[in-house]
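Novice: My questions all concern the structure below.
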Amino acid sequence: MAEGKVSAWNLSPQRTLIALRLTGEHVRIGCWWLDPSGRIPDSAPVWTLTDEQAAAWEVLGWAGPTLLVLWRRHPDRNEVRIVDQRDGSETLRLDVVGRPVAARVNRSGRVEILLAVSDGRRPVLCAFLPDSDSYLVLAETDGLRDLAAWDADAGHLVVNIDPRYDATDAVRLFRWDGHGYARADVGWPDGVIAARAAGHGGDVVGLTGTGAGGASVPGLLHLPDRTVRWFPEHTGYSTVDVAPTGAHVLAATWIDEGFRYRMLDGAGTRTGELNSFAGLATSLSYTRDELHLIGSFQSPVLRPALGRWLWRDGDWLPLRAESGRTPTGDMRWAHRWIPHQGDRRLPEWVFEPAGGGSRGTVLYLPGGPRGRLNQGYEPVIAALVDRGWSVVGMNYPGSTGYGPEYSELSQGDWGGVDAEAVERRARALHAETGGPLCLYGHGYGGYLALLVASRVPRLVSGVAVLSPMVDLIRLLATATGARRRWLEDELGELRYRPRELLARSPVSRLTELAELPLLVGHGRRDERCPVAQSRQLVRLLEITPSSGIGQVRYLEDPDGTHVPSSWCRWIEAVLAHFEPAAPRLAMSAGGVAGNS
Numbered sequence: 002m003a004e005g006k007v008s009a010w011n012l013s014p015q016r017t018l019i020a021l022r023l024t025g026e027h028v029r030i031g032c033w034w035l036d037p038s039g040r041i042p043d044s045a046p047v048w049t050l051t052d053e054q055a056a057a058w059e060v061l062g063w064a065g066p067t068l069l070v071l072w073r074r075h076p077d078r079n080e081v082r083i084v085d086q087r088d089g090s091e092t093l094r095l096d097v098v099g100r101p102v103a104a105r106v107n108r109s110g111r112v113e114i115l116l117a118v119s120d121g122r123r124p125v126l127c128a129f130l131p132d133s134d135s136y137l138v139l140a141e142t143d144g145l146r147d148l149a150a151w152d153a154d155a156g157h158l159v160v161n162i163d164p165r166y167d168a169t170d171a172v173r174l175f176r177w178d179g180h181g182y183a184r185a186d187v188g189w190p191d192g193v194i195a196a197r198a199a200g201h202g203g204d205v206v207g208l209t210g211t212g213a214g215g216a217s218v219p220g221l222l223h224l225p226d227r228t229v230r231w232f233p234e235h236t237g238y239s240t241v242d243v244a245p246t247g248a249h250v251l252a253a254t255w256i257d258e259g260f261r262y263r264m265l266d267g268a269g270t271r272t273g274e275l276n277s278f279a280g281l282a283t284s285l286s287y288t289r290d291e292l293h294l295i296g297s298f299q300s301p302v303l304r305p306a307l308g309r310w311l312w313r314d315g316d317w318l319p320l321r322a323e324s325g326r327t328p329t330g331d332m333r334w335a336h337r338w339i340p341h342q343g344d345r346r347l348p349e350w351v352f353e354p355a356g357g358g359s360r361g362t363v364l365y366l367p368g369g370p371r372g373r374l375n376q377g378y379e380p381v382i383a384a385l386v387d388r389g390w391s392v393v394g395m396n397y398p399g400s401t402g403y404g405p406e407y408s409e410l411s412q413g414d415w416g417g418v419d420a421e422a423v424e425r426r427a428r429a430l431h432a433e434t435g436g437p438l439c440l441y442g443h444g445y446g447g448y449l450a451l452l453v454a455s456r457v458p459r460l461v462s463g464v465a466v467l468s469p470m471v472d473l474i475r476l477l478a479t480a481t482g483a484r485r486r487w488l489e490d491e492l493g494e495l496r497y498r499p500r501e502l503l504a505r506s507p508v509s510r511l512t513e514l515a516e517l518p519l520l521v522g523h524g525r526r527d528e529r530c531p532v533a534q535s536r537q538l539v540r541l542l543e544i545t546p547s548s549g550i551g552q553v554r555y556l557e558d559p560d561g562t563h564v565p566s567s568w569c570r571w572i573e574a575v576l577a578h579f580e581p582a583a584p585r586l587a588m589s590a591g592g593v594a595g596n597s
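Right, dumping it as structure tokens:
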């Protein structure tokens, strides 16, 4: 298999081919044959796209057993490309209106493309037939979240609707009536509300519902007679995939900071579990033999990689027999809860060199405000620990995974309850360790790192931020479309109080930030947080008087988005920036603790 990190993968409908999008020095898209167990028997790809345009293309999915669909975004349009994997020939290439969702060859042998098209308020699903250049909007799909299943042969569509628009009718079935797709009634049993559909095999589609107590319940939708069967004996689990024949169901739950998987038969009887791994196994799907699962696995010392599991005993297997998983370094890691205020506690991860000892502590703030840090692979953390640092990864208020109440704490309160919690943790870590304390943050985490560092500059010996938000007023003023609506929802009433927005923006703390050793990185093509945010901060810091102790270093990545085009270059800059932190702080503190 070609070298590079798998950034996306798609199984063909018969699960005989796998399409991989590989990133590294160059972006490549390729397809490989799979044996029934999900193993790639030969390293040679069936087809690859390696030209200079490969980086712009995304894998949409499969239009048939061998027809791979690619798409790319242009400023004023979207382009679709269908390639036949048997000989690499291009069967279709055209521009479309809307974002491609899926493509199929229908019962008439015609290519049909489903598109998400905005009506100005919310997306709707639209069917496009290239040979007649005709578009047909599907009624009752407004508020579309994604397409769950499409059986073109039998004429079934299952659509997920965004719960913000309709939480009580979030899964909808459509059937082809000879002229178009019409909404079909489903026999929903009482007691469980359908929340999402995922997985399709045979004549059934996987479902996840919400029971009376708010817990998830897995189930199946039988397409021919439109009946539903829930499995309340597995409450707490959500359906992830359905085996090709429909005879097996894969369900997942979140336990002990990781996903755990349960295999069910078509009647809901448990037939196996997949629990024995330290790390994260995600995006699992059944292979053709229905005895294996294929998906991504990672841990703090293992980069994300595709692999297979024999689900009856949980053994991890590589995609190729000669492949293996190579740890990136040695570390210990654990999840813990630390005291906060009163009887409140905050969740965090701690990563330490396996051999013990530490040259200092880095308080790591992941992106957000609705993000979270797991026991997955974070290249910055792996590099810091390998260099001898202890890393505390804080899931500050607003992080997901700890219940809706916790995730909503920072909504309408950016730089409030979350910044206060981070500041408290920074003070406590400095008091506990007595050694060097550095702050690192990405995106919203970078925003918090700057804000908190400016409040406790004497405790912080170095700050590194990637793609930070620095001026909330300007961020809101320049945002448009969906990004603008998201910001308005996140900021709430704060958006009407410019003085308070300014006070919660790092650009209002220039004097304090100018006294800190600061590394700022930003991608020029960042669509989430415009590069103008970092440029503004650096420009203002350059003209802000300081004692000369602090310094700002700015790295702008011309090919970077919200993440760097090269993690290696960014990590090297972070390590070099933090390198002198230990001796500098040890000297200023009279040589207390920490070593270089």
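Each residue of the sequence shown is one higher than the last, beginning at 2 in our numbering. Where a beta carbon is used, it is the ideal one built from N, C-alpha and C, also for glycine.
Between F129, G446 and D344, which lies nearest to R373 when the distance is taken from Cα to Cα?
Specialist: Taking the sequence shown and counting its residues from 1, the one referred to as residue 373 is at position 372. Nearest C-alpha to R373: G446.
Novice: With DSSP collapsed to three states, give me the class of A117.
Specialist: Start at 1 with the first residue of the sequence shown, and residue 117 comes out as number 116. DSSP, reduced to helix, strand and coil, places A117 within a strand of the structure shown.
Novice: Counting only the same chain and skipping the five closest in sequence on each side, list residues whose C-beta sits under 7 Å from that of R525.
Specialist: In the sequence shown, the residue the question calls residue 525 occupies position 524. Taking C-beta separations shorter than 7 Å and ignoring five residues to either side along the sequence, the partners of R525 in its chain run V532, E557, D558, P559 and G561, following chain order.
Novice: Measuring alpha carbon to alpha carbon, tell me which of D331, I295, H341 and Q412 ends up nearest D613.
Specialist: Nothing can be reported for residue 613: it is not among the residues displayed for the chain, which extend from 2 to 597.
Novice: For my contact list, V575 and A454 are in at a C-beta cut-off of 8 Å; report their separation, rounded to the angstrom.
Specialist: The residue you call residue 575 lines up with position 574 of the sequence shown. The residue you call residue 454 lines up with position 453 of the sequence shown. At roughly 15 Å, the Cβ-Cβ gap does not stay under 8 Å, so V575 and A454 are not in contact.
Novice: Under three-state DSSP, which class holds D558?
Specialist: Residue numbering aside, residue 558 sits at position 557 when the sequence shown is read from its first letter. Here D558 sits in strand by DSSP.
Novice: Within 10 angstroms of the Cβ of D316, are there 16 or more other Cβ atoms? Answer buried if so, exposed if not.
Specialist: Sequence index remark: in the sequence shown, residue 316 carries index 315 (1-based). When all chains shown are included, D316 counts as exposed.
Novice: Return the first residue and the last residue of the beta strand (DSSP E) that V84 is part of.
Specialist: Locating residue 84 in the sequence shown gives position 83, where the first residue counts as 1. Run containing V84: N79 to D85, per the beta strand (DSSP E) assignment.
Novice: Taking the Cβ atom as the reference point for each residue, do V423 and L449 lie within a distance shorter than 7 Å?
Specialist: The residue you call residue 423 lines up with position 422 of the sequence shown. The residue you call residue 449 lines up with position 448 of the sequence shown. In this structure, V423 places its C-beta atom within 7 Å of the C-beta atom of L449.
Novice: Out of P305, A420 and Y397, which one is the CA nearest neighbour of Y378?
Specialist: Along the sequence shown, one-based indexing puts residue 378 at 377. Of P305, A420 and Y397, the residue nearest in Cα terms is P305.
Novice: Using 8 Å for Cβ pairs, my map puts G192 next to G212. What's the rounded Cβ distance?
Specialist: Numbered from 1 along the sequence shown, position 191 holds the residue referred to as residue 192. Numbered from 1 along the sequence shown, position 211 holds the residue referred to as residue 212. That belief holds up - the Cβ atoms of G192 and G212 are roughly 7 Å apart, short of 8 Å.
Novice: Looking at G156: is its Cβ nearer than 7 Å to the Cβ of C127?
Specialist: As a working note, residue 156 is residue 155 in the sequence shown. As a working note, residue 127 is residue 126 in the sequence shown. Taking a C-beta distance under 7 Å as the contact criterion, G156 and C127 do not qualify as a contact pair.
Novice: Please state whether the Cβ-Cβ distance between A104 and L69 is less than 7 Å.
Specialist: The count along the sequence shown starts at 1 and reaches residue 104 at position 103. The count along the sequence shown starts at 1 and reaches residue 69 at position 68. Going by C-beta atoms, A104 is not nearer than 7 Å to L69.
Novice: Does the beta-carbon of C569 have 16 or more other beta-carbons within 10 angstroms, so that it is buried, or is it exposed?
Specialist: Walking along the sequence shown from the start, residue 569 turns up at place 568. Answer is exposed; the Cβ neighbour count stays below 16.
Novice: Rounded to a whole number of angstroms, what is the C-alpha to C-alpha distance between G62 and C530?
Specialist: Translated into positions along the sequence shown, residue 62 becomes position 61. Translated into positions along the sequence shown, residue 530 becomes position 529. Cα to Cα, the separation comes out at about 29 Å.
Novice: If you follow the alpha helix (DSSP H) that I544 is in, where does it begin and where does it stop?
Specialist: Locating residue 544 in the sequence shown gives position 543, counting from the first residue. No alpha helix (DSSP H) contains I544, which DSSP labels as neither H nor E.
Novice: By Cβ distance below 6 Å, which residues in the same chain neighbour D143 in space, the five residues on each side in sequence not counted?
Specialist: Residue numbering aside, residue 143 sits at position 142 when the sequence shown is read from its first letter. The residues are R123 and V125.
Novice: Measuring CB to CB, does T240 end up less than 7 Å from A196?
Specialist: To locate residue 240, count along the sequence shown from 1; it is residue 239. To locate residue 196, count along the sequence shown from 1; it is residue 195. No. Outside cutoff.
Novice: Can you list, in chain order, the residues of its chain with a C-beta nearer than 6 Å to that of L452? Leave out the 5 residues immediately preceding and following it.
Specialist: One-based indexing of the sequence shown puts residue 452 at position 451. The answer, listed in chain order, is G416, A420 and P507.
Novice: Leaving aside the five residues before and after A9 along the sequence, list all residues of the same chain whose C-beta is less than 6 Å from its C-beta, in chain order.
Specialist: For this step, residue 9 is matched to residue 8 along the sequence shown. So the list reads R22 and V60, once near-sequence residues are dropped.
Novice: Three-state secondary structure (DSSP) at H578?
Specialist: Here residue 578 refers to the residue found at position 577 of the sequence shown. Correct three-state label for H578: helix.
Novice: Whose C-beta lies closer than 8 Å to the C-beta of L95 among residues of the same chain, with five residues either side of it excluded?
Specialist: In the sequence shown, counting from the first residue as 1, residue 95 sits at position 94. So the qualifying residues of the chain are E80, V81 and P131.
Novice: Please tell me whether S38 and T272 are closer than 7 Å, where the distance is taken between their beta carbons.
Specialist: Residue 38 sits at position 37 when you count from the first residue of the sequence shown. Residue 272 sits at position 271 when you count from the first residue of the sequence shown. Result no, Cβ atoms of S38 and T272 do not sit closer than 7 Å.
Novice: How big is the Cα-Cα spacing for R263 and R173?
Specialist: Residue mapping note: residue 263 aligns to position 262 of the sequence shown, counting from 1. Residue mapping note: residue 173 aligns to position 172 of the sequence shown, counting from 1. Roughly 26 Å separates the two Cα atoms.
Novice: Which ranges does the beta strand (DSSP E) cover as unbroken runs of at least 3 residues, wholly within the segment 300-352, from first to last along the chain?
Specialist: 303-311, 316-319 and 332-340
Novice: Specify the secondary structure class of Q534 as computed by DSSP and reduced to three states.
Specialist: For this step, residue 534 is matched to residue 533 along the sequence shown. Three-state result, Q534: helix.
Novice: So what does V457 bridge to, in DSSP terms?
Specialist: Numbered from its first residue, the sequence shown carries residue 457 at position 456. For V457, which the question treats as bridged, DSSP gives no partner whatsoever.
Novice: Using 10 angstroms around the beta-carbon of E433, count the other beta-carbons present and answer buried if the total reaches 16, otherwise exposed.
Specialist: Within the sequence shown, the letter at position 432 stands for residue 433. Classification for E433: exposed.
Novice: Just tell me which of D204, N107, A248 and V553 has its CA closest to the CA of G179.
Specialist: Position 178 of the sequence shown, counting from 1, holds the residue named residue 179. Comparing Cα positions, the closest option is N107.
Novice: Would you say G203 and T246 are within 7 Å of each other, going by their C-beta atoms?
Specialist: The residue you call residue 203 lines up with position 202 of the sequence shown. The residue you call residue 246 lines up with position 245 of the sequence shown. Yes.
Novice: Under the rule that 16 or more other beta-carbon atoms within 10 Å means buried, what is E406, buried or exposed?
Specialist: Within the sequence shown, the letter at position 405 stands for residue 406. Burial call: exposed.
Novice: Spatial neighbours of H293 within its chain, please: C-beta separation below 7 Å, excluding the five flanking residues on both sides.
Specialist: Indexing the sequence shown from 1 puts residue 293 at position 292. Cβ neighbours of H293 beyond the five flanking positions: S38, G39, R309, W310, L311 and W312.
Novice: So what's W571 in DSSP terms, helix, strand or just coil?
Specialist: Numbered from 1 along the sequence shown, position 570 holds the residue referred to as residue 571. The DSSP-derived three-state label of W571 is helix.
Novice: Tell me which residue opens and which closes the beta strand (DSSP E) that E91 is part of.
Specialist: Locating residue 91 in the sequence shown gives position 90, where the first residue counts as 1. Counting along the chain, the beta strand (DSSP E) containing E91 begins and ends at S90 to V97.
Novice: Taking three-plus beta-carbon pairs below 8 Å as touching, is the segment 386-402 in contact with the segment 346-362?
Specialist: yes
Novice: For the alpha helix (DSSP H) containing L393, list its first residue and its last residue.
Specialist: Translated into the one-based positions of the sequence shown, residue 393 becomes position 392. It should be noted that the sequence gives Val, not Leu, for residue 393. Note, V393: premise wrong, no alpha helix (DSSP H); beta strand (DSSP E) at S391 to M395.
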